[in-house]
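Heads up: the structure comes next, in structure tokens.
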Amino acid sequence: MEESLQRSDSELPPVMDGQRVTAEAMPHYLPGEPLSLPPRPPMQDVVVQLFSYQDLAEPILVPAVVEPLLVLVLSGAATVEERALDGDWQATNVEAGDFFLTNTSEPYEMRWQVRSDGRFEVMHLYLGLPLIEQAVRDLHGEHCAPMTFLDVSGGRDGRVRFLLEQLRLELYGERQPSPLFVHSLAQALAIHLVRTYPAPRNLARGANALQTYKLRRVIEAMKARLAEAFCLPYLAQIAGLSDYHFSRLFKRATGLSPSQYFIRLRMARARQLLLETDLSVIEIGMEVGYSSPGHFSQVFRREVGVTPRAYRQT
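So in the UniProt record's numbering, spot 231 of the sequence shown is number 231, and the numbers just go up one at a time.
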């Protein structure tokens, strides 16, 4: 039985400048109707959501995403229009089997018109950044530069469709899903995306960004100090650069400032602890550097879209 949660675009939260949202927060920014699904345990680095859409004449502002987003059209057909802010509309006719790949660091506008009888149903899949990074290292070596993907609208790829369909069947079939099988499918998909849809700008960006070995050293230092206060001079010293030069090169390499990246690492660790441990919210906040429960809850909600307690209950 589907629970109607259809919202108009006027009810959607505003998208702030420079804001990136997580998989769990994205449904709050979309006017579609999430399909009621059987409860399933969360899977590491894999988030799947199913939506049913009606016509959307007025454009909505879609926030940039933290994790790469794949959207597979499950049923129906539609004309989907997208544009960068202040850009020209680009229309794409899509039907069951077509897919979108989004890895944008900027928000964009979107609207659509359903061309089929009945509903236009899609599947959203978010692949965790650790899964993508593992695929990149596997294919290009330990010292490869960070990469992003091409944006694809209305693409047709038999392997993408097959792997997404298998994930949907495994997660929402009658049997209890196998975490090992789900992770294997997600790994295969990550490898295929890295091989097939790398953004050309990755090659140019690497020459003007923080050197890969320095970037990895800095990120490891960040991960080791999540419970401590953010310290830009300490990280710049690890990279052997001035604070200003380090900040500029780090943002070129990752798309985020060092402080923003540090917060994302904290929130990723907090999400893991909320799902995998029985630690209290206060204890988890302390683990990732927040002595004030209120401040931790505020930052978590801003980054993830829900409070820590609500996230644990999903």
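Glycine included, every Cβ here is placed at the ideal spot set by N, Cα and C.
Remember, predicted model here, so these are calculated numbers, not experimental data.
Q | Chain-order list of residues whose beta-carbon lies under 6 Å from that of residue 315 (same chain, five-residue window excluded) | A | For residue 315 there is no data in the structure shown, the boundaries of the chain being 1 and 314.
(Q) Taking a contact to mean a Cβ-Cβ separation below 8 Å, would you say residue 48 touches residue 110 in this structure? (A) What you label residue 48 is simply residue 48 of the sequence shown in a count that begins at 1. What you label residue 110 is simply residue 110 of the sequence shown in a count that begins at 1. No, they are not a contact pair.
(Q) On the criterion of 16 or more Cβ atoms from any shown chain inside 10 Å, does residue 103 qualify as buried, or is it exposed? (A) Sequence index remark: in the sequence shown, residue 103 carries index 103 (1-based). Counting of Cβ neighbours within 10 angstroms places residue 103 among the buried residues, the total reaching 16 or more.
Q. Just how far apart, CA to CA, sit residue 273 and residue 284?
A. Residue numbering aside, residue 273 sits at position 273 when the sequence shown is read from its first letter. Residue numbering aside, residue 284 sits at position 284 when the sequence shown is read from its first letter. If you draw a straight line from the Cα of residue 273 to the Cα of residue 284, it comes to about 7 Å.
Q. Would residue 135 be called buried (16 or more neighbouring beta carbons within 10 Å of its own) or exposed?
A. Taking the first residue of the sequence shown as 1, we reach residue 135 at position 135. Taking every protein chain shown into account, the CB of residue 135 has 16 or more other CB atoms within 10 angstroms, so this residue is buried.
Q.
Cutting at 8 Å between CB atoms, please list the residues of its own chain near residue 181, excluding the five before and the five after it.
A. Taking the sequence shown and counting its residues from 1, one reaches residue 181 at position 181. The residues 170, in chain order, have a CB closer than 8 Å to that of residue 181 in the same chain once the five nearest residues on each side in sequence are set aside.
Q. Residue 149 to residue 194, Cα distance in whole Å?
A. Taking the first residue of the sequence shown as position 1, residue 149 is located at position 149. Taking the first residue of the sequence shown as position 1, residue 194 is located at position 194. Approximately 7 Å between the Cα atoms of the pair.
Q. Which same chain residues, not among the five before or five after residue 151, have their C-beta less than 7 Å away from its C-beta?
A. Along the sequence shown, read from residue 1 onward, the residue named residue 151 stands at position 151. In chain order, 101, 102, 103, 104 place their CB closer than 7 Å to the CB of residue 151, counting only its own chain and leaving out the 5 sequence neighbours on each side.
Q.
Quick test of your reading: residue 138 and residue 191, contact by CB under 8 Å. State the CB separation rounded to the nearest angstrom.
A. Within the sequence shown, the letter at position 138 stands for residue 138. Within the sequence shown, the letter at position 191 stands for residue 191. A Cβ-Cβ distance of about 7 Å is found for the pair residue 138 and residue 191, placing them in contact under the 8 Å criterion.
Q. Mind checking whether residue 258 and residue 232 have CB atoms under 8 Å apart?
A. Indexing the sequence shown from 1 puts residue 258 at position 258. Indexing the sequence shown from 1 puts residue 232 at position 232. Less than 8 Å divides the Cβ of residue 258 from the Cβ of residue 232.
Q) So which of 76, 75, 92, 117 has the shortest CA-CA distance to residue 82? A) Taking the sequence shown and counting its residues from 1, one reaches residue 82 at position 82. The candidate whose alpha carbon is nearest that of residue 82 is 92.
Q: Consider the Cβ of residue 178: report whether some Cβ of chain B lies at a distance smaller than 8 Å.
A: Looking at the structure shown, chain B is missing, and only one protein chain is on hand.
Q: Could you give the DSSP three-state label for residue 142: helix, strand or coil?
A: Working through the sequence shown from its first residue, we reach residue 142 at position 142. The answer is coil: DSSP assigns residue 142 none of H, G, I, E or B.
(Q) If I measure Cβ to Cβ from residue 296 and keep anything under 6 Å in the same chain, skipping five residues before and after, which residues do I get? (A) As a first step, residue 296 is located in the sequence shown; it is residue number 296 there, counting from the start. The residues 285, 290, in chain order, have a CB closer than 6 Å to that of residue 296 in the same chain once the five nearest residues on each side in sequence are set aside.
Q: With a threshold of 16 other CB atoms inside 10 Å of the CB of residue 254, please say whether the residue is buried or exposed.
A: Taking the sequence shown and counting its residues from 1, one reaches residue 254 at position 254. Around the beta carbon of residue 254, 16 or more other beta carbons lie within 10 angstroms, which makes this residue buried.
(Q) Can you look up residue 87 in the DSSP assignment and give me helix, strand or coil? (A) Position 87 of the sequence shown holds residue 87. Looking at residue 87 - three-state DSSP - the assignment turns out to be coil, as it is neither helix nor strand.
Q.
On the criterion of 16 or more Cβ atoms from any shown chain inside 10 Å, does residue 26 qualify as buried, or is it exposed?
A. Here residue 26 corresponds to residue number 26 of the sequence shown, with the count starting at 1. Classified as buried, residue 26 has 16 or more neighbouring CB atoms from the shown chains inside 10 Å of its CB.
**Q.** Start-to-end residues for the beta strand (DSSP E) that takes in residue 174
**A.** In the sequence shown, counting from the first residue as 1, residue 174 sits at position 174. Annotation for residue 174: no beta strand (DSSP E) segment contains it, and DSSP assigns it neither H nor E.
(Q) Whole angstroms are fine: how far does the CA of residue 185 sit from the CA of residue 166? (A) Here residue 166 refers to the residue found at position 166 of the sequence shown. Here residue 185 refers to the residue found at position 185 of the sequence shown. Looking at the two C-alpha atoms, the distance is approximately 8 Å.
(Q) At the level of alpha carbons, what is the spacing between residue 204 and residue 211? (A) Here the question's residue 204 lines up with position 204 in the sequence shown. Here the question's residue 211 lines up with position 211 in the sequence shown. Low confidence applies to residue 204: its pLDDT is 40, below 50, so where it sits in the model is not reliable, and the reading given next is rough at best. So the two alpha carbons sit approximately 13 Å from each other.
Q) Can you pull the DSSP bridge partners for residue 78? A) Residue numbering aside, residue 78 sits at position 78 when the sequence shown is read from its first letter. Residue 78 pairs with 94, 114.
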